[in-house]
Structures are given as structure tokens and as C-alpha cells.
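Contents: one structure, followed by commentary.
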Amino acid sequence: MHRLTLPTLLAIILSGCYTPRQLEFESSMRSLISKGMSKVAAIESLSSAGFRCDGQTVFLGAKKGTVGCSRQRDNLFPPYACIERVEFVALGENSGITNINFGKIVCAGL
1 MHRLTLPTLL AIILSGCYTP RQLEFESSMR SLISKGMSKV AAIESLSSAG
51 FRCDGQTVFL GAKKGTVGCS RQRDNLFPPY ACIERVEFVA LGENSGITNI
101 NFGKIVCAGL
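Position 24 of the sequence shown, counted from 1, bears residue number 24 in my numbering, the numbering being contiguous throughout.
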């Protein structure tokens, strides 16, 4: 039986941890949501990726038709959580999206 050294064990544990990467986040979101997509399709797509969508917005203000979506990503060690946010504007349920904003990933820990 092999014994794992402390650095090897730490590397294994940390390899599964979430690390915020803004550019990768935005790129992956562009594959899920795009301008012209209907509001319903966008919410379904984001929901399937673990986002919760509602009328609460941070970036685009109180523009009519703005939908805010977010998801929480957790890390075991060190213990912290990150919030990923997407907001978009679509005036009707089947109207095409006219504006998309990918928020900065925000993290907080103990």
C-alpha cells in the first residue's frame, strides 16, 4: 500500500476546489445565453446550469424586462463561497434578449 505525502494529499483535495475565473465564466455563459434568444429559453438554459432567476437586478438597474440570475459556488478548503451573476433584458416572454451583463464573480469566506 502506498502512503500519500502531505503535499500530494493537499494537491488532491484542492484540485476539486472552485477557483473563480471571470473570463472562463463569461465564455461558458455565452454558450448558454445570447442576444436574440427568448426570455423563456434563456431562463431554462441558465436554470439547467444551476442558476436561480428572478426580477432582482444589480447591474442593469430598474430597466423594464430585466431578469437577474445567480448561482453560488462553494469551496471546502479554505471555506468560502462565490456568487456568479448574469442579468439580461427581454421585454416579453418570447421577446429576444437585447442586453446581457455578466457580473464580476464575488467571493467571501470565513
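Don't be surprised by glycine CBs; every beta carbon is placed ideally from N, CA and C.
Bear in mind the structure is a predicted one, so any value in this text is a computation, not a measurement.
Can you tell me which of Y80, E93, F51 puts its alpha carbon nearest to the alpha carbon of V40?
Position 40 of the sequence shown, counted from the start, is the residue given in the question as residue 40. The option with the nearest alpha carbon to V40 is E93.
Taking F25 as part of the beta strand (DSSP E), name the residues at either end of that continuous run.
Counted from its first residue, the sequence shown places residue 25 at position 25. It is not in any beta strand (DSSP E) - F25 instead sits in the alpha helix (DSSP H) that spans 22-30.
For M37, which option in I97, V106, N101 has the closest C-alpha, if you only look at C-alpha atoms?
Mapped onto the sequence shown, residue 37 falls at position 37. Closest by alpha carbon: I97.
Would A42 be called buried (16 or more neighbouring beta carbons within 10 Å of its own) or exposed?
Mapped onto the sequence shown, residue 42 falls at position 42. Classification for A42: buried.
Please identify the residue among S31, F102, P20 whose C-alpha is closest to the C-alpha of V67.
Position 67 of the sequence shown, counted from the start, is the residue given in the question as residue 67. Measuring from the Cα of V67, the nearest candidate turns out to be F102.
If we ignore side chains and look at the alpha-carbon of each, how far apart do K35 and T5 end up?
Position 35 of the sequence shown, counted from the start, is the residue given in the question as residue 35. Position 5 of the sequence shown, counted from the start, is the residue given in the question as residue 5. About 50 Å.
State the CB to CB distance for the pair C69 and C82, rounded to an integer number of angstroms; the pair is presumed to be in contact (CB under 8 Å).
Here residue 69 corresponds to residue number 69 of the sequence shown, with the count starting at 1. Here residue 82 corresponds to residue number 82 of the sequence shown, with the count starting at 1. Actually they are not in contact, since the Cβ atoms of C69 and C82 sit about 15 Å apart, beyond 8 Å.
Report yes if the CB atom of L29 is closer than 8 Å to the CB atom of V86, and no otherwise.
If you number the sequence shown from 1, residue 29 lands on position 29. If you number the sequence shown from 1, residue 86 lands on position 86. The residue you asked about is not Leu; residue 29 is Met in the sequence shown. A contact, by the Cβ cut-off of 8 Å.
Using a Cβ-Cβ cut-off of 6 Å (strictly less than) and excluding sequence neighbours within five positions of F51, which residues of its own chain qualify?
Here the question's residue 51 lines up with position 51 in the sequence shown. These residues qualify, in order along the chain: C69, R71.
Helix, strand or coil for S44, going by three-state DSSP, please let me know.
Taking the sequence shown and counting its residues from 1, one reaches residue 44 at position 44. First, the amino acid is wrong: residue 44 is Glu here, not Ser. In this structure, E44 counts as helix in the three-state DSSP scheme.
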